[in-house]
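Residue numbers (my numbering), protein chains in the order written: chain A, 1 to 317; chain B, 1001 to 1289; chain C, 2001 to 2482; chain D, 3001 to 3336. By construction, the Cβ of each residue, glycine as well, lies at the ideal position given by its N, Cα and C atoms. Everything numeric in this text was worked out from a predicted model, so none of it was measured. Read through the structure below, which is laid out as C-alpha cells, and then see the notes.
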Amino acid sequence: TGGGGGSTTTSSPAAQPADAGFKVALLTPGPVSDAGWSAMAYRGLQAIEKELGAEVNNQQATDAQIRDAMRSYAQKGYRLVIGHGFEYNGPGVEVAKDFPNTVFVSSSGAGSSANAGAIRFGLEEGFYLAGMAAALTSKTGRLAMIGGPDVPSIRSTFKAFKAGAEAAKPGIQVSDSFTGKNDDIAAARQATLAALGQGADVVIHQANAAAQGVFDAAKEKGALAFGANLDQNDNPSGVVLASAVIVAEPAFVALARSVKDGSYKGGVQLMAMKDGAIDFVWNPALASRVPPGVAARIDQAKADIKAGKLAVPMDQF
Amino acid sequence: MIEALVGLLRFAAPVAFAATGETVGQRAGVINIGLEGMMLGAAYFAMLGSLTTGSPAVGLLCGVGVALTLGAVQAYFTLRLAVDQIVVGTALNLFALGLTSTLYRARFGGSGQLISVPRLPQFGPGLDAALVALPVLVVAAAWGLFRTKWGLALRGVGEYPAAVEAAGYGVARLRFQATVVGSALAGLGGGYLALGVTGSFAENMTAGRGFVAIAMVTFGRWRPAWVLAACLLVGWVDSLQYELQARGLGIPAQILIALPYVLALVVLVAVGKGTAAPAALAVPYRRER
Amino acid sequence: MASLSVRSVSKRYGPVRALTDVSLEIRPGRVHAIVGENGAGKSTLVGVLAGFVTPDSGTVELDGRALPLGQPVAIREAGVDMVHQHFMLVPAFTVEENLALVRLGGLGGRLDAPELAREAVETAARLGWSIDPKAPTGGLPVGSQQRVEILKALAGDKRVVIFDEPSAVLAPDEVEDLLKVLRRLADEGKAVVLIAHKLSEVLAVADEVTVLRHGRVALSTERAQTDAEALATAMVGDSPGQRHAPPASGATTLPDRADRPSLTVSGLCAKGDRGNTALDGLDFTVRAGEVLGVGGVDGNGQVELAEVLAGVRPFTGRADWTPGRPRVGYIPQDRQSDGLALSMSVFDNALIAGLDDPSLTRGPFLRLGALRAWAQGLVDRFQVKTPNLAQPVGGLSGGNQQKVVVARTLATRPDLLVAVNPTRGLDLKASAFVHDQIAAAAEAGAAVVLVSTDMDELAALAHRTVYLSRGRFVDRLVGADA
Amino acid sequence: MKRALVTVAGLLLALVLTLAVFGVDVRQGLSLIAEGAFGDKFGVARTLVRATPLVLCGLGMAIAWRAGMYNIGGEGQYVLGGLAGAWVAKALVGPAPGLANPAVLIAAALGGALFAGLAGWLQVRRGVQVVISTILLNFTALQALSWAVRGPLQEPKGQLPLTERLPDTVMFQRFDPQTDLHAGVFVAVAAVVLTALLLWATKAGYLLRLVGQNPRVARANRVDVGRAQIGAMLVSGGLCGLAGGVDYLGLIGQVGDGFSQNWGFLAIPVALLGGLDPLGVLASGLYFGALMAGGEGLARFNQLGPTLVYVIQAVAVLGLVALNARSRPKPVVDDD
Ligand SMILES: Nc1ncnc2c1ncn2[C@@H]1O[C@H](COP(=O)(O)OP(=O)(O)OP(=O)(O)O)[C@@H](O)[C@H]1O
Ligand SMILES: Nc1ncnc2c1ncn2[C@@H]1O[C@H](COP(=O)(O)OP(=O)(O)OP(=O)(O)O)[C@@H](O)[C@H]1O
Ligand SMILES: [Mg+2]
Ligand SMILES: [Mg+2]
C-alpha cells in the first residue's frame, strides 16, 4: 500500500469476489505520508483494520485514476471504498451503480445513492474555535492563514477561522495566502514570513506536508501557530498553541461497521464536534502563552457548538 | 532590513547554489536537466543524515554525496556512452522522485508526523555557514571559469570540444569535472533546502527549483555573478508575491504564483538573441577513432 | 639520421583497408609531401603520426624511440604536432586564448593568456604575420585562422610538424606565403609533412614525395627525381582510361548574345554574419551558357555573394533574372557543414533536390518509389561510390560526398548555378569530374557563377573572371601572379 | 528482430532488478504488474487508457526532437489542450452539443499547438532556447489551469475547482461501462499513422528531419529553417494538446488541478525509447502504459507506493539508451 508503514496493510492479490473477509480500501488525493489530510484518513483506515479485523488497502489516486481504482477494488471484493476528498464523490456515485455490493463513501461531497454517499468532516468547527483563540491571543490584532492548494475544503475552514476571530474580536484583520502546493515547505515558510512581516502574530495553516515551514517561520518571528487536521501540539518548533483536529477513527470505524453489518443507507453524513469527530486541543506546554480567561471562553463556545447553540459557517461543495 | 535581505538570500539560496553549479556545467557544454532530481535526492538524504547523526553538517555532506552519485551516473551515460544529456537528465529526475518518495514512505509514511531535523546553526542576522559560502562559491566559480587554466579548457569544451581534445585535454575528463562541480552544488542546493531553509522534508519538496535553476543560467547569460543576481531577482519576486497575497489585494493567488516564471520568460524574451550560449551545449561528444 | 620512421603501419576500418603495411622515413630539415587520391589513406596516416588514429599494427619511431601511438598528448610532448585540415580553434575565444590553450602545460594554476601566447605572437612577428591577439578567432578570415592554427602547432620545440591539406582553404597569395613558411620551418631543422592535392604546390616546396594508393605506398622518391606526370601516374595507377586529361585551359569567350536569358545585378549590397558590410555595391551580368568566375582572397565577400545569388542571404539592390524566375542550384563551400546532413542517408541527402519535381511528388507527398529510382539514377550517373542509398553519407569519402552534392544540384537542371570551391579537397580525378559536370551544365544553358580561390580552376572553366576585394570588384587579384 | 528481443529482455531486466533492489518478491511483483496491466478486461483497458496520452504526447515529442527542438513542455501543452477544450465545451455544450466533441478536439490541438508554437517562435525569433522556455511555460500553464478552474471555467455552482462535467453524449463512446476504455484510443492510433506518414512520406516531414539533422544544409537550399522549426513545434504541441483533449473527452469530462498526471513529462522517455519513430513510440507508449497500469496494481496490492513505478521507468529508459547508445539518431544542434 501507499502507506508502506509496515506489515499492517499487506494483502494477497488472490482476489475472491466472494466474501472471504471484510475488505476496506482508502483512496487519498496525496501521499498518506503528508502528516495532514491524507495521513489523518490513513489513521482511520488503520483503526478499521484493528477494530473490525478488516483487510485494508490504500492507494493514492487522483483525477483520471479515481474511477478505475474504485472499480478495481470493487472487482476484488472490497465492500467499502473510501475516497478521501470531495473529488471522489461524483465518481463514487457513478461507479456505485455498477457495483451494488460495494459502498463508496467520499469525504465531503453532496451526491449519494443507496450504496454511495459522503462523510462531511466539520473541521470548520475546530477552525472557528482556533480563530477565536487566535484573536484573543494576538497582540497585534492581525492573524494569518497559510494554505497549500486553493481548494474549497480549505477555503471553507479559512472562512470559519475568520468568522471565529471576528466573533471574538470584531474588526480583527485576517489575511490568507496560498502556495498552490502541498509539498513546498520553503514556499509555505516564505508565505508565512511574508504574512508575519505585515504584523500578524498568530498563524494557522492548511499546508499538510509543508506545515513545518509554517511552524518554523512562526518560531523565527516569535509568533504562535495552530495545528490542523492532526494534533500537532508536540511539534518540535514549540509554537503550536493548539490544534484543530479531525478524529477520523471513530467516524471511519462507525462507517465501516455499518457497511459490514449491512445497515449503510447512503446519504451525506456530517461528522462534527458533537460526534467526537472534530476537536480543538490545547497544547498544555504553552498554556502560559494563553491570556487568562481565553480557555474558558473557548470551552464555552465548544459546548455551545456541541449543543447546537452556535452554528459555524460551512460551505457546501 | 538586513534580516529581510538575509531572509531573501536564504529563500533564493537553494536555486542559487544549483544555478551556480549549472553555470559551470553549461560552460563545459553539459546541460543538466536532472538537476531537479539531484536536488531532491540531496534534500532527502541530507534530512536523513541530519536526523540520524544529529549533525546538519554531516547531513549536508550526505546530500552532496548523493548528488555526486547521481552525477556519476549522469557522467557515465553522457560521457562514456555519449547518450543525449537531456534524455539522461529526464530519466534521473524520474528516478530521484521515485526513489525519495518510496524511501520516505517506507520510513516515515505511517508516522503522521511532520519531519523536523536539526538545521544549520545560525549566527548574526540569520546567517549560516552555507549562506556565507554562497557568494564565495559564486566568486570561486567565476574565478575558476575565467581566471584559471582549467577554466579556459573547460570553456573551450563547451564551445568546441574537438579543439580542446586536440590541445591534449580530455573532453570527457573536463566534462566529468564540470559534472562533479555541478552535481556537488546541486547537492548543496538540495541539502540547503532541507537543512538551511526548512529543517524538514516532504515528497517532491524541491517543487521545480531545479528547473528554475536551469532557466536562471540562461537568464544570467552564463556568468556566475549575473546568474546569482537572476536568482535573487526571481527569488525576490517570488517572496514579493506572498507579500501581495497577504495584503489581500484580491488578485488570484495563481496569477501571483506564476509571476516569477513569467518574469523570467519576459526577461529572456527581452534579452533576446545572444551569442553567449556555449556553442556545444548539450551536444554529445564522440571522439573520432 | 631519420627523424621519424614509420614501420609497417596498417589500419582497417571494418572492411576498408585504410593503410596497408606503410613504411617511410621522414627526415629533419626536409619537406615531405604525401599525395594520393581521395580515400587513399593520407589523413589516416598522419592521424597515426599525430596520435589521433591508433593503427592495428606497426610502429613509429622518433629518433629511434617508439612513439606512444594513439596518445596525442604524449606524442605532442615528444615533439610531433599537426595542423588539422579542419581547424581546431575555439571560435568564441580570442586568438590569444586559442594560443594559450595549447600552451597551458597542465590545468592547474592561474591563467595568464597574454603571457602564454607571447612566444606565439613573437613567432608570428618573425614570420611577418600581423595578428591581433585580442581578436575573436571566429571573426577572422580563413587565412588568418590558419595562421593561428600553425602558430599553435609550432608551440615549444617541435621536431615534426604535419600539415593536412593546409592549402585547400587559401587564396593563391596565401598559399605562396604558406609554402615559404613550410620551407622556413624545414630550414630551421624541423621535419615538415605536407598533404596536398595540388601537385604544383607539392613540386614547388617538397624535398621528398610519397604517393599513397589504396592505402599502400605506391611511390616514395626525392623531388628531384620526379615530376607531375610521374606522380599522377603513381596516384591513379597505370590502368588506361583512369587518367584524365587536364581540363581545357582557358575556356573560349562567349559571344555576347543579348537574346539569352541573363542575371543582371546592380547596386548589390549585403551584410555578413557579423553585421559587417560584406558586399558593397556590385554590378554585373551573367548570361545563360556563361561561366562567370569570381576570384579573390577568401573572406572578401565571395561566400556572401554566392549566398545572395543562391537566395539564402538577404540583400539590397537589384538582382533580376530575365525573363521569368530562374531555377537556382547551389554548391556551398563546405560540404560537411552546409552541403550534407552527414548522419542522414545518401537518399535523404539527394532528396532535397527532388522536392520541386512534379513527377517525384504528389502535392505535399513524396512519391517514394519514383524518388528512389531517381536517386539511384543520380548515384549511377555521377558514379557515387556507395554500397546503397541507405548508407549514411558521412560514411563516404570526401570526394564521394562532394559528388552527392554536385549530383543533386545539377539534377534540378538549374538556370543559374552557383558553386563555391566545388573541388576543394578533391583529388585530380574527382576534380576533373566535377569540372566536366559544371562545364556541361553551362553548355546545356545554365548561367554559372563559379566562386573559387583556385586560379587554375577559374582559368580552366570561367569565360571571364572578376575579383572581389572588401566587397567590391577589383581589376585583378592583388598580389596574385595568376 | 534481434534488437527487439534484446530490448524486451532489457525492459524485463530493468523491472526485475528494481523490484529486487526494493525488496519486493520478484515473482509476486511481476505477477501483480502483469495482472494490473493485462490480467483482465480492467487491466487491458487500464493499459490502453494510460497508453493513449503517452502515445499522443510521445508522438509530439518525437516530432519536435526530430526537428532539433528540445520540447520539454509537453506537460504545459497537454494542460493547455485540456483547458482550450473545456473552454470550447463550455461555449458549445448548450447550443450545439452535436458539434461539441469534434470542436473540443480541434480546440485542444490548437491550444497545445499555439502554446508550443510560442516556444518555437521564441527560439527562432528571439533566441530563447526551447528547453528553457518550455520549462517556464510548464509552470505558467499549470497556474493558468489552476486559475481558470476557479475563475472563468469553474463549474456553475462555483464550489469546486473543476469544470462542469461533460454530458455523456459529448464524451467519447466507451466500449464497456465497467472500464474506462474509450474511443479516444483510435485518435492515438490514427495519430501514429499520420505522424509516420508526415515524417516519412511528405515534403514537410522530410524538411523537418533535415532541419533537425543539419539546419545549415536546409538553409543553403532555401528552406526556411525557422518556419520548419516553428512548424514542428506547432505539430508537437498540437499532438500534446490533442492528448489533453482526448483524455478530457474520454475519461472524466472534467478539468481540474490534477488534470495532467505527468503525461507530458513521461512522454519524453516514451519518445526516446521509441527511437523518435512513430511506430516505436506506439510500442514504447504501450510499454509505459502497461507499466503505469501494472504499477497501480502493484501499488494497490503490495506495500509499495506508486512512486516505485517512476524508478522502474527511469531504470528502463537508462537501460535502453545504454543498449541503443550506438545506433540512436543524434540531432545536430543549430549553432547560430
Ligand atoms: N573513421 C573512419 N571510419 C571508417 N572508415 C574510415 C574512417 N576514416 C577513414 N576511413 C576510410 O579509410 C580510407 C582512407 O581515408 P583517409 O581519410 O585517410 O583518406 P584521405 O587520403 O585522407 O582522403 P581525402 O583526400 O579524401 O582526404 C577511406 O576509404 C575512408 O573512407
Ligand atoms: N567509411 C567511413 N566510415 C565512417 N567515417 C568515415 C568513413 N570515411 C570517412 N569517414 C570520416 O568522414 C570524414 C570525411 O572523410 P574524408 O577524410 O574523406 O574527407 P575529407 O576529404 O578529408 O574532408 P574535406 O571535405 O574537408 O576535404 C572524416 O572525418 C573521416 O574520418
Ligand atoms: Mg583526408
Ligand atoms: Mg580530403
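So, residue i versus residue j, is the Cβ gap smaller than 7 Å?
i	j	result
GLY2293 of chain C	LEU2458 of chain C	yes
GLN1122 of chain B	SER3146 of chain D	no
ALA144 of chain A	ARG189 of chain A	no
GLY1190 of chain B	ALA1043 of chain B	yes
LEU3242 of chain D	ALA3108 of chain D	yes
ALA2430 of chain C	ASN2038 of chain C	yes
SER2010 of chain C	LEU2019 of chain C	yes
THR3169 of chain D	GLN3254 of chain D	no
LEU1185 of chain B	GLY1029 of chain B	no
GLY2311 of chain C	ARG3222 of chain D	yes
PRO29 of chain A	GLY85 of chain A	yes
PHE178 of chain A	GLY44 of chain A	no
VAL2384 of chain C	LEU2417 of chain C	no
Tell me where the beta strand (DSSP E) around residue i begins and ends.
i	result
LYS2198 of chain C	No beta strand (DSSP E) holds LYS2198 of chain C; DSSP gives it neither H nor E.
LEU111 of chain A	Here the sequence assigns Gly to residue 111 of chain A, which means Leu is not the residue at that position. Careful: GLY111 of chain A lies outside any beta strand (DSSP E) and carries neither H nor E.
ARG2012 of chain C	2004–2013
GLU2208 of chain C	2208–2213
ASP2081 of chain C	2080–2083
SER243 of chain A	240–246
SER2266 of chain C	2262–2271
HIS2032 of chain C	2031–2036
LEU2416 of chain C	2416–2420
GLY147 of chain A	142–147
ASP2280 of chain C	2277–2287
Let's test the definition: count the other Cβ atoms within 10 Å of the Cβ of residue i and tell me whether it reaches 16, buried, or not, exposed.
i	result
ARG3125 of chain D	exposed
SER138 of chain A	buried
SER2266 of chain C	exposed
ASN2276 of chain C	exposed
ILE278 of chain A	buried
PHE3186 of chain D	exposed
LEU1145 of chain B	buried
LEU2368 of chain C	exposed
LEU3013 of chain D	exposed
ARG289 of chain A	exposed
Between which two residues does the alpha helix (DSSP H) carrying residue i extend?
i	result
MET132 of chain A	123–137
LYS162 of chain A	152–168
Relative to the C-alpha of residue i, which candidate in the options has its C-alpha closest?
i	options	result
PHE3265 of chain D	D:MET3069, D:TYR3206, D:ALA3204 and D:LEU3054	D:LEU3054
GLY171 of chain A	A:ALA135, A:VAL214, A:ALA303 and A:LYS76	A:ALA135
SER263 of chain A	A:LEU224, A:GLY197 and A:ALA114	A:ALA114
ALA191 of chain A	A:SER153, A:PRO250, A:PHE215 and A:ALA168	A:PHE215
ARG1147 of chain B	C:SER2337, C:VAL2346 and C:LEU2104	C:LEU2104
Q. Touch check for the stretch 89–102 of chain A and the stretch 44–52 of chain A: three-plus C-beta pairs under 8 Å?
A. Because the criterion of three Cβ pairs below 8 Å is not met, the stretch 89–102 of chain A and the stretch 44–52 of chain A do not touch.
Q: Kindly confirm or deny that the stretch 57–68 of chain A and the stretch 3258–3275 of chain D touch, where touching means at least three C-beta pairs closer than 8 Å.
A: Taking a cut-off of 8 Å for Cβ pairs, the stretch 57–68 of chain A and the stretch 3258–3275 of chain D touch, as three or more such pairs fall below it.
Q) Counting Cβ pairs, one atom from each stretch, are 3 or more of them under 8 Å apart for the stretch 1097–1105 of chain B and the stretch 1036–1051 of chain B? A) Three or more beta-carbon pairs drawn from the stretch 1097–1105 of chain B and the stretch 1036–1051 of chain B are found closer than 8 Å, and the two stretches are therefore classed as touching.
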